[in-house]
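Note sheet for the following structure.
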Amino acid sequence: MASDLLGIGTSGVMAQQRLLQTTSNNIVNVNSQGYVRERTLIYTSSVGLGTGDMLTERVINAYAQGEVRRDTSAYFASATRYEQLSNTDTLLGDTSNSVGTAITSYFKAFHTANEAPADIAGRKITLSELSGMVNRFHTLSSQLDKQTDTINTTIGDETQRVNGLINSINDLNQAIIRTQGSPEENLMLSDQRDEAIRQLSEKMEIRTVPQANGSVLINMSTGHSLVLNSGVAQFSVVPGDPDPREPELQLIAGTNKTRINESSIGGGVGGLFSARRDLEPAKRELGQLAAAMADAMNQQNRLGMDLDNELGGDLFSLGVSDGLPYEKNTGTGAAKVNFVPGKGSEVTTFDYEIQFSSATGYEVFSLDKDGNRTSLATGTTPPAKFQLPGHGIEIDLTGTPAAGDRILLQPTKRAAASLGQLVTRPEDLALASPLKADKNKNNNGSAEIKFNGIFNTSTGSGFGTNTLDPTAPQVVKVDDSGNYKVYDGNNNLLGVAPASSNGQNLMAAIENPLPGPKVYADPTQTPGYEFSITGSVAANDSFTLSYNKNGFADNANGLALAELQNKDLVRKSTNTGTSNDKMTFNEAYSGLVTGVGISTSQAKTLLKANEAKLTQSTNIFESVSGVSLEEEAANLIRFQQSYAASAQVVSTAKTIFDTLLSSVR
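Residue numbers (this note's numbering): 32 to 696.
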């Protein structure tokens, strides 16, 4: 009986010692990263009294652990995206980077120049502000590109870390398989592997599949395998298709290479791709603004006369954008796209894709910021150069494409960076009107002649080289019937406007003969100007038009240039063809800034929601698997008491045994 008692006590001491070791291990690892609380299960002896088998295991809820990994991926995806968007929002909010401020200063300088159009000082200020505005476009465009470059670099760095974690998980899998007979070491390796998996979930969204041999397989949320029984897959960063400046991820598993859809990655790496994608609308809106403003200023300056008595020229230049062919193209087709002069207000923020059905047949699609395609036009080549109606761009096709080939066009993405300054002399600012109108001082009537607008000074207009063409309308005479006879510079009758026109919009009203067909189908193109005679006219009254040579005090075109700031000349991204489908330059830039601000605010809200969800799932997981010092301290006391009691049993057995020995001596 004493022997049985000794065995019982000894087994109890060993059992309580094991419990004390487990509790002590929990306490000392309370701050160890990735440590999961352990517990030791004691079973009664299967062959007698006392304790039997002892098993130390990790206390873990697989479902709660999976929730933590999922919420970790969501949190880091939103945190990374918010961080990058916040940088963009700060960049655009800085007045030193504000294109809107530069545009306002530029047009303010025009008002100053208009106060004394013949004064070179005011023109110099305007030219300086023009240069500053171009530089501001360049600076902001460059900073947006640099932010994209930073994101691309970070994607490369994170990809290396992901590959390292995948390899580490695989190594730990193999170590766990080898140490199945060493429980303590196996527990430690499992903790290390779970921590590596958690860190991987920070980088991308993953799924785990436990195996019977103790290993764990890792898959992406898309189903692509990362860690297998037979080895691992690795990521590489490859040039984007078709834009090589937008790297993509490629998954390499043996000889298989698969490009990964950036929207399905999740985690911090997915957040980087999302942030890069969020930058794209801002680049295109900035480019659209640059194109619309440059075109409007160019067209208006062409309608004026500069300080050298010459017709105005372009103030700005916009670069030509090369099309980007897709990797799978088999033909040699290529494309370029440029903005059509005079149609800057039609330019959109869309990208465009040309898809070839044959060597000559093509279809053009627009691509919105979400990648949705809309068919816009179909055609055949030749002609190789064609305009896209309603979009303000011209496409030039070259080479020989093959059926199925595609080319991506991005006209506005780098338009701000390509914006150039053409005018270098303050004299070249065309502030004066190229035409002047006079009434004969001997007129008996009180009527006045006034311009309704100058619309075209180039091909097809009534202007020659810095002069008014002799065949253009230049003289108006009122006949006895009150009709308005219009003559050219050689005194040839061009046509007659009936008295019923009241002298309004004479270029659109004159007919030849009277009544008969209109002389000018579209006066805005030919002769390119329109005027009216307002007031009471008398027979034989006459009015003349002439080239405004030496009209340096005139600021008519300068006022028109300054007024462009208040005109709706930028197409809205939600263009519906209504009368409210355009906005001013400053409204366009404010919309750009506001759009980024709204996206940043939404990203912050999502981050807070994901943070709360991660905190909740982590607390649930920690409530099961985390170490509670209070609980462990209570266990320590309880196990100490059990140890002492078991030791007392051993001591009692020894006393009994000694007593028995003494009795037989």
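All residues carry an ideal CB built from backbone N, CA and C; glycine is no exception.
Just so it is clear, the structure is predicted and the values come from calculations on it, not from any experiment.
So, at 8 Å on beta carbons, what are the nonlocal neighbours of residue i in its own chain, with the 5 sequence-adjacent residues on each side left out?
i, result
"MET328", "LEU346, PHE347, LEU592 and LEU595"
"LEU10", "Lying outside 32 to 696, the shown extent of the chain, residue 10 is not represented and no answer is given."
Buried or exposed for residue i, please, with buried defined as at least 16 other CB atoms from any protein chain shown within 10 angstroms of its CB.
i, result
"ASN597", "exposed"
"ARG112", "buried"
"SER397", "buried"
"ARG456", "exposed"
"TYR94", "exposed"
"PRO241", "exposed"
"ARG276", "exposed"
"ASP401", "exposed"
"PRO504", "buried"
"THR380", "buried"
"ASN201", "buried"
"MET614", "buried"
"THR488", "buried"
"LYS359", "exposed"
"ASN332", "buried"
"PRO413", "exposed"
"LEU280", "buried"
Please look up how many angstroms separate the CB atoms of residue i and residue j, rounded, as I've assumed it's under 8 Å.
i, j, result
"VAL517", "ILE541", "5 Å"
"GLU69", "GLU88", "7 Å"
"LYS470", "PHE616", "About 38 Å; that fails the 8 Å criterion."
"ALA110", "LEU460", "That belief does not hold up - the Cβ atoms of ALA110 and LEU460 are roughly 50 Å apart, past 8 Å."
"ALA478", "GLY534", "7 Å"
"LEU18", "VAL130", "Lying before the first or after the last residue shown, residue 18 is absent from the chain, which here runs from 32 to 696."
"GLY410", "PHE417", "6 Å"
"THR190", "PHE304", "Incorrect: roughly 11 Å between the Cβ atoms, too far for contact."
"ALA149", "ALA584", "6 Å"
"ILE91", "VAL67", "5 Å"
"VAL395", "ILE385", "6 Å"
"GLY318", "GLY364", "Rounded, the Cβ-Cβ distance is 24 Å, inconsistent with contact."
"SER104", "SER232", "5 Å"
"THR631", "LEU116", "4 Å"
What are the start and end residues of the alpha helix (DSSP H) that includes residue i?
i, result
"SER648", "616 to 656"
"MET45", "33 to 59"
"GLU594", "587 to 594"
"VAL681", "660 to 694"
"THR143", "130 to 146"
"LYS314", "298 to 333"
"GLU98", "93 to 124"
"SER449", "446 to 449"
Would residue i pass as a contact of residue j if the rule is Cβ separation under 8 Å?
i, j, result
"LYS367", "ASP427", "yes"
"LEU282", "ILE296", "no"
"ASP436", "THR361", "yes"
"ALA323", "LEU623", "no"
"GLN441", "ASP382", "yes"
"GLY298", "MET235", "yes"
"PRO465", "TYR551", "no"
"LEU462", "GLY626", "no"
"ALA684", "LEU37", "yes"
"ASN543", "LEU525", "yes"
"ASP272", "SER648", "no"
"GLY493", "GLY559", "yes"
"GLY566", "GLY476", "yes"
"ARG315", "THR443", "yes"
"ASN198", "SER246", "no"
"LEU349", "LEU453", "no"
"THR121", "GLN178", "no"
"ALA227", "SER256", "no"
"LEU667", "THR286", "no"
Terminal residues of the continuous beta strand (DSSP E) containing residue i?
i, result
"PRO504", "504 to 509"
"PRO241", "237 to 241"
"SER438", "Note that residue 438 is Ile in the sequence shown, not Ser. Looking at the DSSP string, the run of the beta strand (DSSP E) that includes ILE438 is 437 to 440."
"LEU168", "Residue 168 is actually Phe in this sequence, not Leu. That residue, PHE168, is in no beta strand (DSSP E); its alpha helix (DSSP H) goes 151 to 209."
"TYR74", "69 to 75"
Beta-carbon within less than 6 Å of residue i's beta-carbon, same chain only, minus the 5 sequence neighbours each way: which residues are those?
i, result
"MET32", "Any reading at MET32 is ruled out, since the residue's pLDDT is 42, under 50, leaving its predicted position unreliable."
"GLY491", "GLN556 and THR557"
Closer than 7 Å by C-beta to residue i: which residues in its own chain qualify, once you throw out the five before and the five after it? Chain order, please.
i, result
"ASP353", "LYS367"
"THR41", "VAL681"
"SER677", "GLY40, GLY43, VAL44 and GLN47"
"THR126", "THR132"
"ARG167", "VAL130 and ALA133"
"SER563", "LYS481, ASN483, GLY534, GLN535, ASN536 and LEU537"
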